[in-house]
Amino acid sequence: MEALDRELALRIALASRVLPGVELGELLDILHERVGSPLDDEALKRVTVTNLKTGIGSLDGEEDGEDIGIGLENIKLAVRYLWGEEADENLPEILPYREGDLPGSIRVAVASNAGNLLNGHFGSCIRYLVYQLSATDYRLVDIRSAVDADNAADKNQFRVNLIRDCQVLFVQTMGGPAAAKVIRADIYPIKVPDVVEAPQKLVEFQGVFAAPPPWFAKILGLDAEARKRFRSEEQVLEEEV
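Okay, so the sequence shown: first residue is 602 according to my numbering, each after it adds one.
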């Protein structure tokens, strides 16, 4: 296999990260099959959404590329990475935050591969956007790269440690073993299959503060009596519906 220059290798590595279940070596094989050799800039720019989707499908015998378990938005993003068009200039701005600035807030991690999008698989996303979230406001307080996870003996544990100060994690997908480690770290994982902007999901989630389910009431530090009251209110609402 020919040696790739650093910039091309990075583009291919980034593309593989947004394709859950597709290893780097498998993606290289797909690219060689679809656009030939050598894998230079011109070749990578010949990759299309259709032939990448079909190539991924062939790994599982899905020659038409249907039912491959990877969303179209992820495939489109992978193609943009391969073309060299997706850069980090779109990353949101980190805002100053001091403990106590947002009373009654929690810390939330968002698995992301581009800009402010919630579009990452827990075990392969490029970074985590870390927000401080209250019932009425949110603030991006950190962006944490997960690139070094590939060199860790336990990749999932490395990622858990990266967001250990968070109480909630939003991901597009994640496997069972990874979810178990996240939960053991007292982080509540929430899967969001569709690609959305992180702020949109955070605003939607703010509605949970008003009537928190038991797991969220515990995160907020509400006492047992308060949690019992919220459960009673939920039962009344269910009966009315």
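A virtual CB, placed ideally from N, CA and C, is assigned to each residue, including glycine.
Using C-beta distances below 7 Å, list every residue in its chain close to Gly777, excluding the 5 sequence neighbours before and after it, in chain order.
The count along the sequence shown starts at 1 and reaches residue 777 at position 176. Taken in chain order, the list of residues that qualify is empty.
Within 10 Å of its beta-carbon, does Ser713 have 16 or more other beta-carbons around it, so buried, or fewer, so exposed?
Here residue 713 refers to the residue found at position 112 of the sequence shown. Ser713 is buried by the Cβ-count criterion.
Could you check what DSSP says for Glu700 in three-state terms: helix, strand or coil?
Your numbering for residue 700 matches position 99 in the sequence shown. Glu700: coil per DSSP, three-state reduction.
For Tyr682, write down the residues that DSSP places opposite it in a beta bridge.
Locating residue 682 in the sequence shown gives position 81, counting from the first residue. None, per the DSSP bridge assignment.
Among the candidates Val742, Glu627, Leu620, Ser725, whose CA atom is the shortest distance from the CA of Glu863?
Within the shown structure, residues of the chain are numbered from 602 to 842, placing residue 863 beyond reach of any answer.
Less than 9 Å between the beta carbons of Ser725 and Ser617, yes or no?
Locating residue 725 in the sequence shown gives position 124, counting from the first residue. Locating residue 617 in the sequence shown gives position 16, counting from the first residue. For the pair Ser725 and Ser617, the CB atoms are nearer than the 9 Å cut-off.
Is the separation between the beta-carbon of Gln807 and that of Tyr739 shorter than 9 Å?
For this step, residue 807 is matched to residue 206 along the sequence shown. For this step, residue 739 is matched to residue 138 along the sequence shown. Yes, Cβ-Cβ distance for Gln807 and Tyr739 is below 9 Å.
My output table needs one value for Lys646: the three-state DSSP class, helix, strand or coil.
Here residue 646 corresponds to residue number 45 of the sequence shown, with the count starting at 1. DSSP places Lys646 in coil when its eight states are reduced to three.
Distance check for Trp816 and Leu615, CA to CA, integer angstroms please.
In the sequence shown, the residue the question calls residue 615 occupies position 14. In the sequence shown, the residue the question calls residue 816 occupies position 215. Roughly 35 Å separates the two Cα atoms.
Do the region 799–814 and the region 746–765 touch if we need at least three Cβ pairs shorter than 8 Å?
no
Under 9 Å between the Cβ atoms of Gly672 and Val796?
Position 71 of the sequence shown holds residue 672. Position 195 of the sequence shown holds residue 796. In contact: Gly672 and Val796 (Cβ atoms closer than 9 Å).
Alpha carbon to alpha carbon, how far is Arg765 from Ala786?
The residue given as residue 765 occupies position 164 in the sequence shown. The residue given as residue 786 occupies position 185 in the sequence shown. Cα-Cα distance, rounded: 7 Å.
Should Thr737 go down as buried or exposed, given a rule of 16 or more other Cβ atoms within 10 Å for buried?
The residue you call residue 737 lines up with position 136 of the sequence shown. The residue is exposed, with fewer than 16 neighbouring Cβ atoms inside 10 Å.
DSSP three-state call for Gln733: helix, strand or coil?
Walking along the sequence shown from the start, residue 733 turns up at place 132. Residue state for Gln733 is assigned as strand, using DSSP reduced to three classes.
If I'm right that Phe771 touches Leu734 with Cβ under 8 Å, what's the distance once you round it to whole angstroms?
Indexing the sequence shown from 1 puts residue 771 at position 170. Indexing the sequence shown from 1 puts residue 734 at position 133. Rounded, the Cβ-Cβ distance is 11 Å, inconsistent with contact.
Rounded to whole angstroms, what is the Cα-Cα separation between Phe723 and Leu653?
Residue mapping note: residue 723 aligns to position 122 of the sequence shown, counting from 1. Residue mapping note: residue 653 aligns to position 52 of the sequence shown, counting from 1. The alpha-carbon atoms of Phe723 and Leu653 are separated by roughly 22 Å.
Return the Cβ separation of Val876 and Tyr682 in integer angstroms, given the expectation that the two are a contact with Cβ distance under 8 Å.
Given a span of 602 to 842 for the chain in the structure shown, any question on residue 876 remains unanswerable.
Is Leu678 a contact residue of the ligand HEM, with contact defined as CB to any heavy atom under 8 Å?
As far as ligands go, the structure on display features none, and thus does not contain the ligand HEM.
What residue from Val623, Leu609, Ile657, Lys756 has the CA that sits closest to Leu640's CA?
As a working note, residue 640 is residue 39 in the sequence shown. It is Leu609 whose Cα lies nearest to the Cα of Leu640.
What do you get for Thr651, buried or exposed, if any count of 16 or more other CB atoms within 10 angstroms of its CB means buried?
For the purposes of this step, residue 651 is taken as the residue at position 50 of the sequence shown. Under this definition Thr651 is an exposed residue.
Closest by CA to Ala818, which one among Arg635, Gly685, Ser706?
Residue mapping note: residue 818 aligns to position 217 of the sequence shown, counting from 1. Shortest Cα-Cα distance from Ala818 to any of Arg635, Gly685, Ser706 involves Ser706.
Whose CA, out of Ile820, Ala799, Gly822, Ala811, lies closest to the CA of Pro693?
On the sequence shown, residue 693 is found 92 positions in, with the first residue counted as 1. Per the Cα distances, Ala799.
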